[in-house]
Structure formats: C-alpha cells, structure tokens
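Chemist: So that we are looking at the same thing, I have put the structure below in structure tokens.
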Ligand SMILES: Cc1cc2nc3c(=O)[nH]c(=O)nc-3n(C[C@H](O)[C@H](O)[C@H](O)COP(=O)(O)OP(=O)(O)OC[C@H]3O[C@@H](n4cnc5c(N)ncnc54)[C@H](O)[C@@H]3O)c2cc1C
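Numbering (the working numbering), first residue to last: 38 to 503.
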C-alpha cells in the first residue's frame, strides 16, 4: 500500500498533529534514553483517547504493521525503541495524560497511561495521599511505561513493585479490542486476574491505556540516616535490626560501596558526611506515629554497640535528607563519567547478597584483571546494580554471562527491575528454564498471534510454526 495512504488513514483517526513523519521530529522516538539502541520508525502516532488507540491498532493489525508502544522513553532496556527496518509504527501515549478521578476515601486514582509519574504523585499529594512509586526518572516516566516495565525504585521495600499498586487496568489488545477492567476493588477474585499479564509485559501483549492505582496514606514524619558498615554481612545485620526496631516504617534500605561514593566525590564533588568506609547504608523510615526518631536512635545504639556499624548520621533537616539521597542518586552519573561500564540490574535472595558479591568480585577480578566493580542498590529488596568499569577492549558479552551465571546459581534474576526489552533477550533465553520460556511463548502467541505487538522485545521473534 502507499505510504501516503497509511499516513492519511492514521491522521483521519488521531488528527493532523497526531502523526509525526518528519525525520528530525522522529529522532526522539528512534533512540533510547542511554543511546544504546537506535532504530528507524515509520512514523509516530499520538492518539488522544482509548478509542483512538483501538482504531490505530486495528488499522495497523489489518495491514500487518508492527507497533512499538512508547511512554516517557526512560526505559533502560531499549523496549520502546523500534527496529531499524523503518516499517514499525511507534505509538506514544503522551496525549493521554488525564487524571480521571481520585477517590480520597477509597485511596485510589484512575489515571491515563500517558500521565507523567511526577504529575500523578503531585495530584495524590494534593488529595492528602501519596502515590508510593518513586524513581529518579519520575519527571519523565509515564504511568503506562512504569506499569509495562513493572518498575521498582526506592519504595519497593515498603510498598512493593508498581504491579502491587494496580487495582484495575484498561488495555487495547493486539487485535484492537478495548478491554476495560477499571475496577477500584481491593478484593476481586472473579476469574483470571488478566491484568497481571499486561503489567511487566513491556508492550509485547497489548497497550495499557489507563489504570486504577492504589494510593497510600501520607506519612507525618520521616527519618533519613546514613551508616558506615564494614561489610555486606554487617549491612544485612543492620537490616535485620532495623526490621526489629522500626518494623514496617522502613521505606528504603540502600547499600552503597565506599568505592561508589568515591566516584561521586570525584565526579560530582559531593562529600560523604562520614569517614571513609568499605560500605555504607542509606536508611529511610516514615510514620504518622510519634517516636520514630527515638526508635531510629535506638537502632543506631544497637548496631554501633554490636559493631555492625562503625559510624552514622541522622539528617536534621529536609535539606540534609536531600543531600544524603543525592549521594545515592548520583552514583550512576558518576560511574558514567569514569569510563565504560557494564551494568547488571540483578537480584538474589536477600541473605545471599554477601556471598554473591564475594564470588562475583573474585570471578570478575580473575577474568577481567584491571576492571573495577561498582556495586550498589536496593539491598532491602535483594536488588544489586552490579556494574563493572572495564577497558574499552573488554569482552562485554563474556562478562555479562559470567555475572548472570552466578546470579542464576544464587537463585536470582538477571533483571530485577529494568526489564528485558531488546537488551537482554538472548540472556533471558539462556538463563530461564525451558518450561518457563515455553509457557511465555504460549501466552505471547495466544494474545498476539500475528506477532505485531513490540516484536523482538522480551521474547525472540516467534514464527507461527513454533
Ligand atoms: C535516571 C533513571 C533512573 C531510573 N530508575 C529506575 C528505578 O529505580 N527503578 C526502575 O524500575 N526503573 C528505573 N528506571 C527505568 C525507567 O524509568 C522505568 O523502566 C520506567 O518504568 C519506564 O517508563 P517510561 O514511561 O519511560 O517507559 P518507556 O521507556 O517509554 O517504555 C518502557 C517499555 O514499556 C512499553 N510501554 C510504554 N508505554 C506502554 C503502554 N502504555 N502500554 C504498553 N507498553 C508500554 C514500551 O514499549 C517499552 O517496552 C530509571 C531510568 C532512568 C533514566
């Protein structure tokens, strides 16, 4: 068919301004956030409603054209980047950004998929509640992208991954049918919980157009503290003690190596307020009950006395809290200025973190002499960003396999929160059990038999004969 006809048909659905064809304007859609992947979109389409999404999907499905769903393009696995064929249509949800409703008593928000996370957070705050999904990309990431990647972030320890916030979902399936399950129920055991299939599917099964999210009560007091700890084993003892002293009020428990904070000092000029240490943990807790600070001071006394921490500081103001978090949030940027780094967003059972780090450090040092490990992450969730700074000549694939093999041996996952996208498709095939992969293939073929929803992401391209 003629290209002009396709564009005309798309414009008839989404309006003149809803179709981007200019090569310069398409650049944003062709490259991922980290500039690791570059593709070539046929065009980008920006529908204004769920009905328009369905019409676009039907139009493309009828012509066998593949669709790449696109949120804020902050994903770290190339999931929203088209392939290089020039045949794929990017479907951006950016014009569907309304917050449809907030139910203060039921603590729910109904929101369209294109709403930016920070906008949704602010609306929840204005309603006297909070939306407890938080990550450094929150000024750009959109609800549909967050749910499609089942994003984690800094609040997972207390509030769970994005999946746990979803009460209801509206999707457009691969054949263009609107399926609306926008119920705001905490209890709904009526049949299969199909929404879970679309959450974390990275756009490979259908398009998320809206969601009902579970909000949470705001906390009245927050305490943020930094502790120096001698080893990852000691850090886990601090975690255990924190659970005993401050229980469910613990929001975040972040592990950072001393080497990571040296990078932050060198490249960002940010100083750690404690003396040098092999490891540090950043702890945040919040509650509406009085006595939280006393409880954290009790935790400090215990872990210092036991020798599990050697020093510590509690933030005295919001500014100091911000300064402590900035140390943690600056690690990635500082690392990128240090040279080439190979990133592994992995998870292992929490108790296995120290052994995993020991074994991985030894194996990496032996196989890649001169490399430097930069390990940090959401240790309270078992999630370690195990990044290795290497020479430009190092064999990245061999290093990835070495780290992932160890992760699997420790009962972990090769992607804790960043998804698979196009980045880790072959590693997922290598590291997951054949039976799990076969089941995933059956789900993909059942929901997207023509294979037009974000092909080549998460799963290898599947032929219908498979
Ligand atoms: C500085 C920075 C910090 C980050 N920190 C974290 C972190 O702490 N934790 C974490 O988990 N991630 C983190 N990320 C990764 C990223 O922010 C998340 O993956 C986020 O969820 C992506 O949202 P997005 O709207 O940008 O999605 P995109 O990047 O646009 O898309 C991501 C995937 O979802 C699909 N998709 C997008 N919208 C839809 C839709 N409506 N329906 C179906 N599929 C869709 C895309 O096709 C793609 O496969 C970080 C990224 C950056 C740049």
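From the three backbone atoms N, C-alpha and C, an ideal C-beta is built for every residue, glycine too. Fair warning: this is a prediction, and the values are worked out from it, not measured in the lab.
#1: Would the C-beta of residue 239 count as close to ligand 1, meaning under 6 Å from any of its heavy atoms?
#2: Taking just the CA atoms, how far does residue 231 sit from residue 501?
#3: Given residue 312, which residues of its chain have a CB within under 8 Å of its CB, disregarding the five upstream and five downstream residues?
#4: Which whole-angstrom value describes the C-beta separation of residue 236 and residue 90, a residue pair presumed to lie in contact below a C-beta threshold of 8 Å?
#5: To the nearest angstrom, report how far apart residue 287 and residue 327 are at their CA atoms.
#6: Sort out for me which residues DSSP pairs residue 75 with in a bridge.
#7: Once DSSP output is grouped into helix, strand and coil, what is the label at residue 198?
#8: Measuring alpha carbon to alpha carbon, tell me which residue in 383, 176, 182 is nearest residue 158.
#9: Between the alpha carbons of residue 129 and residue 182, how many angstroms are there, rounded?
#10: Have a look at residue 468 and residue 382 and give me their C-alpha separation to the nearest angstrom.
#11: By a C-beta neighbour count over all protein chains shown, 10 Å radius and 16 as the cutoff for buried, is residue 284 buried or exposed?
#12: Would the beta-carbon of residue 185 be found less than 6 Å away from any heavy atom of ligand 1?
#13: At which residues does the alpha helix (DSSP H) containing residue 299 begin and terminate?
#14: What's the gap between the Cα of residue 503 and the Cα of residue 472?
#15: Under the criterion of a Cβ to heavy atom distance below 6 Å, does residue 130 qualify as lining ligand 1?
#16: Alpha carbon to alpha carbon, how far is residue 127 from residue 186?
#17: Decide if residue 338 is buried, meaning its Cβ has at least 16 other Cβ atoms within 10 Å, or exposed.
#18: Any chance the CB of residue 112 is under 6 Å from a heavy atom of ligand 1?
#19: Between residue 392 and ligand 1, is there a pair consisting of the residue's CB and a ligand heavy atom that are separated by less than 6 Å?
#20: Contact defined as beta carbons within less than 8 Å: I believe residue 270 pairs with residue 391. What is the distance between those atoms, to the nearest angstrom?
#21: Check whether the segment 271 to 279 touches the segment 316 to 335, counting contact only when three or more Cβ pairs, one atom from each stretch, lie closer than 8 Å.
#22: For residue 44, I'd like the list of residues in its chain whose CB is within less than 8 Å of its CB, leaving aside the five on either flank, ordered along the chain.
#23: Determine the closest residue to residue 142 out of 357, 252, 225, with distance taken between C-alpha atoms.
#24: Within this structure, are the beta carbons of residue 115 and residue 459 separated by less than 7 Å?
#25: Considering Cα atoms alone, identify which of 374, 242, 418 is closest to residue 480.
#26: Using the three-state DSSP reduction, which class does residue 244 fall into: helix, strand or coil?
#27: Check whether the Cβ of residue 70 lies closer than 6 Å to any heavy atom of ligand 1, and answer yes or no.
#28: Does residue 323 come out as helix, strand or coil in the three-state DSSP assignment?
#29: Tell me whether residue 501 sits in a helix, a strand or coil according to DSSP, three-state version.
#30: Return yes when at least one heavy atom of ligand 1 lies under 6 Å from the C-beta of residue 108, else no.
#31: Assuming residue 145 contacts residue 204 (C-beta within less than 8 Å), just tell me the rounded distance between them.
#32: Is residue 255 helix, strand or coil by DSSP?
#33: Spatial neighbours of residue 298 within its chain, please: C-beta separation below 8 Å, excluding the five flanking residues on both sides.
#34: Any idea if residue 370 is buried or exposed, counting beta-carbon neighbours within 10 angstroms, 16 or more meaning buried?
#35: Let me know the secondary structure DSSP gives residue 118 once reduced to three states.
#36: Cβ of residue 385 within 7 Å of Cβ of residue 447?
Modeler: Well, looking at it:
#1: yes
#2: Reliability of the predicted coordinates at residue 501 is poor, the pLDDT of 43 falling under 50, and no value is obtained from them.
#3: 265, 348
#4: The pair is not a contact, with the Cβ atoms about 17 Å apart (cut-off 8 Å).
#5: 15 Å
#6: 68
#7: coil
#8: 176
#9: 10 Å
#10: 14 Å
#11: exposed
#12: yes
#13: 295 to 305
#14: For residue 503, the predicted structure reports a pLDDT of 43, less than 50, and the residue's modelled location is therefore unreliable. A value from the coordinates is still provided. Looking at the two C-alpha atoms, the distance is approximately 14 Å.
#15: yes
#16: 17 Å
#17: exposed
#18: yes
#19: no
#20: 5 Å
#21: yes
#22: 56, 58, 80
#23: 252
#24: yes
#25: 242
#26: strand
#27: yes
#28: strand
#29: Note that residue 501 scores 43 on pLDDT, short of 50, meaning its location in the model is unreliable; the coordinates nonetheless yield the value given after this. It is coil, neither helix nor strand.
#30: yes
#31: 6 Å
#32: coil
#33: 309, 317, 364, 368
#34: exposed
#35: coil
#36: yes
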